[in-house]
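Per this note's numbering, the sequence shown runs over residues 4 to 360. Built from N, CA and C at the ideal position, the CB exists for glycine as well.
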Amino acid sequence: MEVKDLKQFYQKLSQLDPQNPPVVLVSGTDESIFDEVLKKLESKMQSLEPVITTFSGEPGDGERFLEEVFNIPLFSPYRMIVFRHAEGVLPALFSRDSSRDSYQTDLSSRPEGTLLVIQHEGAVGKALQKSLGSKTLHYVSRDIFAEKLEQTIEQLAHSAGLILSQEALYEIKERTPPRTGALQSALQRLKDLLPADKHKSVSLEDVREVLFPRVGWNLFRLVDSLFSGDVIAYRAEIQSYNVSTDSFLSLLSQILRRANEIRHYRLGASMSMRPAEMAQFLGIQGRHEFVQKKIMQQRDQEKNRFSNERLEKIYDFLVDAGESFRSNVRLEHQKSYFDFKAMEIFFPGDGRQQRTG
Numbered sequence: 004m005e006v007k008d009l010k011q012f013y014q015k016l017s018q019l020d021p022q023n024p025p026v027v028l029v030s031g032t033d034e035s036i037f038d039e040v041l042k043k044l045e046s047k048m049q050s051l052e053p054v055i056t057t058f059s060g061e062p063g064d065g066e067r068f069l070e071e072v073f074n075i076p077l078f079s080p081y082r083m084i085v086f087r088h089a090e091g092v093l094p095a096l097f098s099r100d101s102s103r104d105s106y107q108t109d110l111s112s113r114p115e116g117t118l119l120v121i122q123h124e125g126a127v128g129k130a131l132q133k134s135l136g137s138k139t140l141h142y143v144s145r146d147i148f149a150e151k152l153e154q155t156i157e158q159l160a161h162s163a164g165l166i167l168s169q170e171a172l173y174e175i176k177e178r179t180p181p182r183t184g185a186l187q188s189a190l191q192r193l194k195d196l197l198p199a200d201k202h203k204s205v206s207l208e209d210v211r212e213v214l215f216p217r218v219g220w221n222l223f224r225l226v227d228s229l230f231s232g233d234v235i236a237y238r239a240e241i242q243s244y245n246v247s248t249d250s251f252l253s254l255l256s257q258i259l260r261r262a263n264e265i266r267h268y269r270l271g272a273s274m275s276m277r278p279a280e281m282a283q284f285l286g287i288q289g290r291h292e293f294v295q296k297k298i299m300q301q302r303d304q305e306k307n308r309f310s311n312e313r314l315e316k317i318y319d320f321l322v323d324a325g326e327s328f329r330s331n332v333r334l335e336h337q338k339s340y341f342d343f344k345a346m347e348i349f350f351p352g353d354g355r356q357q358r359t360g
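As structure tokens, then:
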């Protein structure tokens, strides 16, 4: 049985019968979900004092796994057998080319009280699914689509009892893999390490201190400084550039996003859109109402600073810079290249003397 909703999957884990449990299978791209599954199952089984055996996909683990599964339990009526990275071992063990008899690979005929917990990276083949049996509780982890990532982070934060500032949300989005388990782990770490009085107002500084110490620039603040004309804030952020953690291609992507939002906001304003319509038009309808209001106030100010002609210059710059960064501008020269162009386009009145080397 494949369960697509993670919350529902966790609920079914809490309801499983230890005497006659299903096979618990987690496949896909997000290994951190498997870690959370193990925590929940270990907590549920703890009072039964099960014997726990773990395999990690090493050579010979397939044979040892089958031997362990079909052994009669001696020390406890309950067992939990965990197999990590099964994709490198079990598919071959249960393939049609295997010399084993079918009764030796039918995991549904294992002794009672034996809970199998399997982590499989990627898609699970039909032969392995057949060997696991019909009584399988299966969750397929997938990367979160880019257009749903911010909304997902907010929802997961809300479930954890956290409210993120816009800057904090962007920092998590930019520096955390777009996977449910990874995001849940990051948010849980925030909740565990931040004082309770900060849970309802998590700032960028909180996120950086707990999750991402010693990182370089604040990408969100850097883009803000460009479009607000704050050369002092821009100078502070560009000087914080860290070649090992920061990417100018990511910066170009965020500048493009902001320029598009200004263009869309100008169009929506010309059509006299109401706030709810504008939020839908900008794709921020899933955000908290106060965040929507702040974004729209910001875009209203920016549309007055950036004419269509000036936006076209930004688009031309993004095309040229993107091609240059991918081809002939070496990594150690990208900061100087970007700074020279940014001062011309975003701060034309501040003079060349403020550029960095």
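Which residue comes first and which comes last in the beta strand (DSSP E) that contains residue i?
i: Phe148; result: Note, Phe148: premise wrong, no beta strand (DSSP E); not H, not E.
i: Leu54; result: Before going further, note that residue 54 is Val rather than Leu in the sequence given. Run containing Val54: Val54 to Phe58, per the beta strand (DSSP E) assignment.
i: Glu124; result: Thr117 to Glu124
i: Val85; result: Arg82 to Phe86
i: Ser30; result: Val26 to Gly31
Give me the residue from the options with the minimum Cα distance to residue i.
i: Pro80; options: Gly116, Val234 and Thr56; result: Gly116
i: Ala185; options: Asn23, Lys338, Ile36 and Lys15; result: Ile36
i: Gly232; options: His202, Lys176, Val26 and Ile348; result: Ile348
i: Ala262; options: Phe293, Ser310 and Ile235; result: Ser310
i: Glu39; options: Leu225, Phe12 and Thr179; result: Phe12
i: Gly31; options: Gly63, Val85 and His123; result: His123
i: Arg178; options: Arg211, Ala163 and Thr155; result: Arg211
i: Phe350; options: Gly65, Val226 and Glu61; result: Val226
i: Ala89; options: Arg329, Arg67 and Ile75; result: Arg67
i: Met346; options: Lys43, Ile235 and Arg145; result: Ile235
i: His267; options: Phe284, Ala149, Arg277 and Glu280; result: Phe284
i: Leu16; options: Tyr142, Ile55, Pro62 and Ala95; result: Tyr142
Measure the beta-carbon distance from residue i to residue j and round it to whole angstroms, keeping in mind my assumption that it falls under 8 Å.
i: Leu259; j: Leu321; result: 5 Å
i: Tyr1; j: Ser228; result: What the structure shows of the chain is the stretch from 4 to 360, and residue 1 is not part of that stretch, so it cannot be assessed.
i: Lys403; j: Leu159; result: Because residue 403 is not part of the residues shown, which for the chain are 4 to 360, the question remains open.
i: Leu28; j: Leu197; result: Contact flag wrong, Cβ pair sits at about 34 Å.
i: Asp33; j: Thr183; result: 6 Å
i: Phe58; j: Asp64; result: 4 Å
Less than 8 Å between C-beta atoms, sequence neighbours within five positions excluded: which residues of the same chain meet that for residue i?
i: Arg192; result: Val213 and Leu214
i: Glu157; result: Leu167, Leu172, Gly289, Arg290 and His291
i: Thr359; result: In this prediction, Thr359 has a pLDDT of 45, which is less than 50 and means its spatial position is unreliable; what the coordinates show is noted afterwards. The answer, listed in chain order, is Arg238, Ile241, Gln242, Lys338, Ser339 and Asp342.
i: Asp209; result: Ala171, Leu193, Leu197 and Lys201
i: Ser204; result: Ile166 and Ser168
i: Arg113; result: Val72, Phe73 and Leu119
CB-CB under 6 Å to residue i, same chain, minus the five flanking residues each way: which ones, in chain order?
i: Phe341; result: Phe251
i: Tyr244; result: Gly219, Trp220 and Lys338
i: Ser134; result: Phe97, Thr108 and Leu110
i: Leu118; result: Pro24 and Met83
By Cβ distance below 7 Å, which residues in the same chain neighbour residue i in space, the five residues on each side in sequence not counted?
i: Leu51; result: Pro21 and Tyr81
i: Glu335; result: none
i: Ile265; result: Arg302, Glu305, Lys306, Phe309 and Leu314
Could you give the residue range of the alpha helix (DSSP H) that holds residue i?
i: Ser243; result: Note, Ser243: premise wrong, no alpha helix (DSSP H); not H, not E.
i: Gly184; result: Thr183 to Leu196
i: Val322; result: Asn311 to Arg329
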